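Structure record follows, encoded as structure tokens.
Number of protein chains: 2
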Amino acid sequence: MFVRITTDRRPRPDSLSEIGIASGSNPIVSLSESTYRRGTEIYGEKEPARYVYQVTTGAVRSYKLLSDGRRQIGAFHLSGDIFGLENGGFHRFTTEAVVDTTVRLIRRESLEQTANGDAVVARSLLSMTTSNLEHAENHMLLLGRKTSMEKVAAFLLEMDKRLPAVGIMALPMSRRDIADYLGLTLETVSRALSHLHEQGVLEFIGKTQREIVLRDRVRLAEFDLPA
Amino acid sequence: MFVRITTDRRPRPDSLSEIGIASGSNPIVSLSESTYRRGTEIYGEKEPARYVYQVTTGAVRSYKLLSDGRRQIGAFHLSGDIFGLENGGFHRFTTEAVVDTTVRLIRRESLEQTANGDAVVARSLLSMTTSNLEHAENHMLLLGRKTSMEKVAAFLLEMDKRLPAVGIMALPMSRRDIADYLGLTLETVSRALSHLHEQGVLEFIGKTQREIVLRDRVRLAEFDLPA
DNA sequence: CGGGGGCTTGAGGCCACTCAACGATAGTGG
DNA sequence: CCACTATCGTTGAGTGGCCTCAAGCCCCCG
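As given, the protein sequences belong to chains V and L, one line each in that order. The first sequence begins at 1 in my numbering and counts up one residue at a time. The second sequence begins at 1 in my numbering and counts up one residue at a time.
Now the structure itself:
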């Protein structure tokens, strides 16, 4: 327990290209794109929030740390997801690229200006914040009251919904990431997955253990619990 | 003797009357008041959200249940707090009065109409949702990664900030409520409090064990962890 | 190719849970 | 007003689920 997680210092984004996009009748929102190598930090907790981000390809984890290194991942952001949207001026999580990742950036101020004049945009900011809140609320139930098997089953079902692939689920994150998302240790996650494998609920495909085929979603769902 | 360390109280969230009345010439949002006996339900999860609520006096718990009865309390709402604000049309928690409680009600639709025409109101809806999100994010860290002592210490410090009393902290909720808020059992909560009592960090006052005086906030804070 | 990180598996330990008993208090009804 | 009961809280004893520590294999990846 209490092992400090070491992370790379944030390097410059590998690429940054300016794009200008006019969104219908709205004024132009300045957009650019940026890529991050796996494991690199995108922004740190308590930094001023200059941008809002949208994942183009790859995956991002956002987390909080305790002073002794214990880590809680609050969410994974996958292709298409928007993250880094803060109402106050500062980020409340640290975010890192889980794998090589490209994101689109939107200047926060330009977004807020747009929201001020455009009720539709303002409403969509609220609805995005509400989605994040809803996810966090469900995750509190998971963290506080579910067993390790239930947590892992719920995680697999969540990823099954959110990852694009049709037959095969390619998890971008490590066992440690999963563990820190679920409030477990990586060994417990590994054992739970092995157990599900023994039961024939899932199959490992590639050489890495991150490619999974769900053989029986019904039985998997039984390892989780209905609300 | 013991010199009381004064700490800043958390500013109250925007009050409903501010919202309703701030919109100047707009129709006043319809307000009414209602009281609930201790232990009674205010609304249930998945019910249509007809009202938004503000606690006048008393305390409210909002929680989710698993099918086998395990309960996770997501938040306590104390005097002045607003709850039941959902962006979608349905409540995501069940709420109950922890003690006899009076609340002010505001029709959801009238609030939303006001928000549509009034950017100030719309912004305050967003900022309330963001506060809820921020609380949930911090609570995920607590639930996933803190030990029982750290959880209980964090709980006491939170209540110390939020409860009005100056010298004595009168907790409205039971040990079981606290446990279900912290992802523990009531016995573990009780043992942690006893331990803090033995250490001289806190004192029990009344006949009930819910009236507590914090003798040493500094040492209490050491039982929790800095971020 | 060589080193290191990722994953699995086993053995053992510990923290929080379970089960239980008990006293105190609040709520209920006669 | 007083039993009567249910609820609340504390404490102890014992268990167990998850954590810790460790070893070994495989696969990247530099």
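We treat Cβ as the ideally placed atom computed from N, Cα and C, and that holds for glycine. Since the structure is predicted, the reported quantities are computational estimates derived from the model, not experimental observations.
Proximal residues of chain V, C-beta to C-beta of residue 126 of chain L below 7 Å: In chain order: 87, 125, 126 and 129.
Rounded separation between residue 145 of chain V and residue 66 of chain L - CA only: The straight-line gap from Cα to Cα measures roughly 8 Å.
DSSP state of residue 113 of chain V mapped onto helix, strand, coil: Of the three classes helix, strand and coil, the one that applies to residue 113 of chain V here is helix, per DSSP.
Cβ neighbours of residue 59 of chain L in the same chain (closer than 8 Å, five flanking residues each side left out): Excluding residues up to 5 positions away in sequence, 76, 77, 78, 79, 97, 98, 99, 101, 172 and 173 lie with their Cβ nearer than 8 Å to the Cβ of residue 59 of chain L in the same chain.
Proximity below 8 Å, CB of residue 83 of chain L to CB of residue 53 of chain L: In this structure, residue 53 of chain L lies closer than 8 Å to residue 83 of chain L by Cβ.
Proximal residues, the stretch 96-128 of chain L versus chain V, C-beta separation under 7 Å: Within the stretch 96-128 of chain L, the residues whose Cβ lies closer than 7 Å to some Cβ of chain V are 116, 119, 122, 125, 126 and 127, listed in chain order.
DSSP three-state assignment for residue 74 of chain V, whether helix, strand or coil: It is a strand residue.
Alpha-carbon spacing of residue 27 of chain V relative to residue 109 of chain V, whole angstroms: With a pLDDT of 43 at residue 27 of chain V, under the threshold of 50, the predicted position of this residue should be treated as unreliable, though the coordinate-derived value follows. Rounded to whole angstroms, residue 27 of chain V to residue 109 of chain V spans 13 Å at the Cα level.
Burial state of residue 62 of chain V, where buried means 16 or more other Cβ atoms lie within 10 Å: By the neighbour-count criterion, in which 16 or more other beta carbons inside 10 Å mark a residue as buried, residue 62 of chain V falls on the buried side.
Secondary structure of residue 134 of chain V, DSSP reduced to three states: The DSSP-derived three-state label of residue 134 of chain V is helix.
Residue environment, residue 103 of chain V, which counts as buried when at least 16 other CB atoms sit within 10 Å: Classification for residue 103 of chain V: buried.
Any alpha helix (DSSP H) of 4 or more consecutive residues that is wholly inside the stretch 131-207 of chain L: Qualifying alpha helix (DSSP H) stretches, in chain order: 148-162, 175-182 and 186-198.
Cβ-based burial, residue 23 of chain V [other Cβ within 10 Å; buried from 16]: No answer about residue 23 of chain V holds up, because its pLDDT of 41 lies below 50 and its placement is not dependable.
Neighbour flag for residue 48 of chain V against chain L, beta carbons, 8 Å: So, not an interface residue.
Chain L contact residues for residue 141 of chain V, given Cβ-Cβ distances below 7 Å: Chain L residues near residue 141 of chain V: 64 and 72.
Alpha-carbon to alpha-carbon, residue 185 of chain V and residue 32 of chain V: Going from the Cα of residue 32 of chain V to the Cα of residue 185 of chain V covers about 37 Å.
Any chain L beta carbon closer than 8 Å to residue 157 of chain V: By this cut-off, residue 157 of chain V is not an interface position.
Nearest to residue 179 of chain V (by Cα), restricted to the options V/197, V/155 and V/198: When only C-alpha atoms are compared, the closest one is V/155.
Residue-level contact to chain L via CB, residue 218 of chain V, 8 Å cutoff: Not an interface residue.
Closer than 8 Å to chain L by CB, residue 164 of chain V: Interface with chain L (8 Å Cβ-Cβ cutoff): residue 164 of chain V is excluded.
Whole-angstrom distance between residue 122 of chain L and residue 115 of chain V, CA atom to CA atom: Residue 115 of chain V and residue 122 of chain L have their C-alpha atoms some 10 Å from each other.
Where the stretch 174-208 of chain L meets chain V: residues whose CB sits under 9 Å from a CB there: Answer set for the stretch 174-208 of chain L: 180, 181, 182, 183 and 184.
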